[in-house]
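The sequence shown begins at 1 in the UniProt record's numbering and counts up one residue at a time.
Every residue, glycine too, gets a C-beta built ideally from N, C-alpha and C.
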Amino acid sequence: MRAVQITRFGGPEVLDVVDLPDPTPADGQRLYRVRAAGVNYADTHQTEDSYLAPQQLPLIPGAEFVGTAEGSDERVVGLLLGGGGYADTVVTDPRTTWALPDGVTDEQALSLVLQGTTAWHLLRTSTHLVAGESVVVMAGAGGVGTLAVQLAKRWGAGRVIATASSAEKRALAEELGADATVDPALAEDDPKAFTAALREANGGARVDVVLEMTGGNVFDGAFSALAPFGRIAAYGMASRQAASAVAPASLMGTSRAVVGFWLAHCTARPEMLDEAMTDLLALTAAGDLRPVVGGRYPMTAVREAHQDLLARRSTGKLVLDPSR
1 MRAVQITRFG GPEVLDVVDL PDPTPADGQR LYRVRAAGVN YADTHQTEDS
51 YLAPQQLPLI PGAEFVGTAE GSDERVVGLL LGGGGYADTV VTDPRTTWAL
101 PDGVTDEQAL SLVLQGTTAW HLLRTSTHLV AGESVVVMAG AGGVGTLAVQ
151 LAKRWGAGRV IATASSAEKR ALAEELGADA TVDPALAEDD PKAFTAALRE
201 ANGGARVDVV LEMTGGNVFD GAFSALAPFG RIAAYGMASR QAASAVAPAS
251 LMGTSRAVVG FWLAHCTARP EMLDEAMTDL LALTAAGDLR PVVGGRYPMT
301 AVREAHQDLL ARRSTGKLVL DPSR
């Protein structure tokens with residue numbers, strides 16, 4: 001099979017396209033021929049071994065694919081619990097695959113299986129969004145963010161505020177339903193300026209829900225903007241910078257909450273993935289949810305895809321074509 005393999009940790013330069021033997025399905029698994037593979041920001045952490053779970057070399061990154069099972073023409077989108085997605089052939093348990101409606105493209109499906117389910121659970125499971133509440137979506141033009149903005153509006157958020165690093169990205173977030181946008185660069189030197197900008201975007205009031213994946217000053221500024229009973233859900237650390245420690249007294253004295261989210265924990269409860277995917281696929285097929293596709297790269301351009309992610313040049317979902 002043709003695949004992207006890492007034999008050393010580092011940046012995009014460690015991603016090599018190689019020929020390897022086809023994987024062998026274990027008990028309960030099937031072999032799938034891949035039509036398209038998804039690229040996620042988390043993959044850049046995997047490449048440099050800075051993610052939540054330690055990585056073992058050699059490895060094939062990637063956790064999602066669209067393809068067909070050997071001997072079948074049915075198109076499915078699948079989640080790979082052990083990685084291996086950057087390849088033209090994968091093996092996985094059919095329990096973590098979902099049949100695709102005709103109205104959902106490969107690229108749209110790939111935007112749902114990790115990023116869509118993350119957005120779904122951040123709002124439903126982690127922060128328990130209540131209609132009328134204000135929601136801040138960090139990286140509102142990204143893979144999770146573009147879907148979270150739409151879902152928050154659909155589920156009755158009173159005001160959705162998105163952050164994005166360029167005028168074009170902020171315009172996209174507003175097109176998808178954000179009521180206001182903020183430049184996260186305000187937090188680089190002064191978290192207080194970022195706090196003030198979020199409150200201004202919310203009509204001067206503190207915010208109820210924050211979906212946060214940057215860390216560092218962005219987290220600190222957003223946490224300070226929370227209203228009493230506000231919740232901030234941390235699901236990434238794109239800045240590679242830790243936020244200030246949150247003291248219990250600061251939570252008690254303001255009735256604020258901090259919750260972490262990692263989709264990997266949903267894999268132990270497959271019904272959590274099924275519920276989200278069933279909802280997301282139906283919304284997409286009906287045209288009620290618009291997954292944003294940021295670009296389709298040949299597998300030979302995988303380094304460029306990672307460079308674009310790290311430089312924040314991309315929007316929406318990035319996809320690899322293993323046939324090229």
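Status (buried if at least 16 other CB within 10 Å, exposed otherwise) for residue i
| i | result |
| --- | --- |
| E271 | exposed |
| M299 | buried |
| M252 | exposed |
| V18 | exposed |
| R256 | buried |
| H265 | exposed |
| L273 | buried |
| A167 | exposed |
| A187 | buried |
| F229 | exposed |
| H128 | exposed |
| residue 346 | Because the chain spans 1 through 324 in this model, residue 346 falls outside it and cannot be assessed. |
| G145 | buried |
| P23 | buried |
| R159 | buried |
| A305 | buried |
| A131 | exposed |
Cβ separation of residue i and residue j, assumed to be a contact under 8 Å, to the nearest whole Å
| i | j | result |
| --- | --- | --- |
| R303 | L15 | 5 Å |
| G78 | F65 | 5 Å |
| S111 | P291 | 4 Å |
| V39 | V209 | So it is not a contact: roughly 27 Å between Cβ atoms. |
| Y32 | A69 | 5 Å |
| A233 | L198 | Between L198 and A233 the Cβ distance is about 15 Å, and since that is not below 8 Å, they are no contact. |
| L263 | T118 | 5 Å |
| V113 | T284 | Actually they do not touch by this definition, with Cβ atoms about 12 Å apart. |
| L100 | A87 | Not confirmed; about 19 Å, so no contact. |
| Y41 | L309 | 6 Å |
| V135 | A173 | No, V135 and A173 are not in contact; Cβ-Cβ is about 12 Å, not under 8 Å. |
| V207 | S126 | About 15 Å separates the two Cβ atoms, so there is no contact after all. |
Nearest to residue i (by Cα), restricted to the options the options
| i | options | result |
| --- | --- | --- |
| E175 | L112, A141, T195, S126 | A141 |
| G143 | G294, P61, R313, E188 | G294 |
| P191 | L172, F219, A171 | F219 |
| P184 | G177, E212, G203, G38 | E212 |
| R75 | P54, T97, R124, Y86 | T97 |
| M237 | M138, V149, P94 | M138 |
| P61 | Q5, A193, Y51 | Q5 |
| G177 | G204, R231, L281, L289 | L289 |
| Y235 | S72, Q115, D27 | Q115 |
| A171 | R269, T315, P25, E13 | T315 |
| A311 | A3, V149, T44, P248 | T44 |
| R269 | H121, V207, E13, D27 | H121 |
| D27 | P94, M1, G71, N217 | P94 |
| N217 | A3, A193, A205 | A193 |
Between the CA atoms of residue j and residue i - distance to the nearest angstrom
| i | j | result |
| --- | --- | --- |
| A222 | Q29 | 43 Å |
| G84 | D49 | 15 Å |
| E133 | I161 | 11 Å |
| A242 | F261 | 16 Å |
| V34 | T267 | 21 Å |
| D106 | S250 | 45 Å |
| A180 | A164 | 11 Å |
| V90 | T47 | 19 Å |
| L147 | A36 | 20 Å |
| R313 | G11 | 16 Å |
| P58 | T7 | 5 Å |
| A282 | A276 | 10 Å |
| V246 | R324 | 47 Å |
| T214 | S239 | 5 Å |
| A201 | P21 | 54 Å |
| K169 | V182 | 11 Å |
| D73 | G67 | 9 Å |
| K317 | L280 | 15 Å |
| A286 | S244 | 43 Å |
| K153 | R124 | 13 Å |
| A227 | T195 | 12 Å |
| Q307 | F9 | 15 Å |
| P248 | T254 | 10 Å |
| T278 | R231 | 26 Å |
(message) For a minimum of 3 consecutive residues, which ranges assigned as the beta strand (DSSP E) are wholly contained in the segment 57–87?
(response) Counting whole runs of 3 or more residues, the segment 57–87 contains the beta strand (DSSP E) stretches 64–69, 75–79.
(request) May I have a chain-ordered list of the beta strand (DSSP E) segments no shorter than 3 residues that lie completely inside the segment 123–185? (result) DSSP runs (the beta strand (DSSP E)) wholly in the segment 123–185: 134–137, 159–163, 180–182.
(request) Can you check the segment 9–52 for any beta strand (DSSP E) of at least 3 residues that lies completely inside it and give the ranges in chain order? (result) The DSSP assignment places complete beta strand (DSSP E) segments of no fewer than 3 residues inside the segment 9–52 at 16–19, 30–39, in order along the chain.
(request) Starting from the N-terminal side, write out each stretch of the beta strand (DSSP E) that is 3 residues or longer and does not extend beyond the segment 184–253. (result) For secondary structure counted as the beta strand (DSSP E) over 3 or more consecutive residues, the segment 184–253 holds these complete runs in sequence order: 207–212, 226–234.
(message) If we require 3 or more residues per run, which beta strand (DSSP E) segments fall completely within the segment 270–298?
(response) Counting only runs of 3 or more, we get 293–298.
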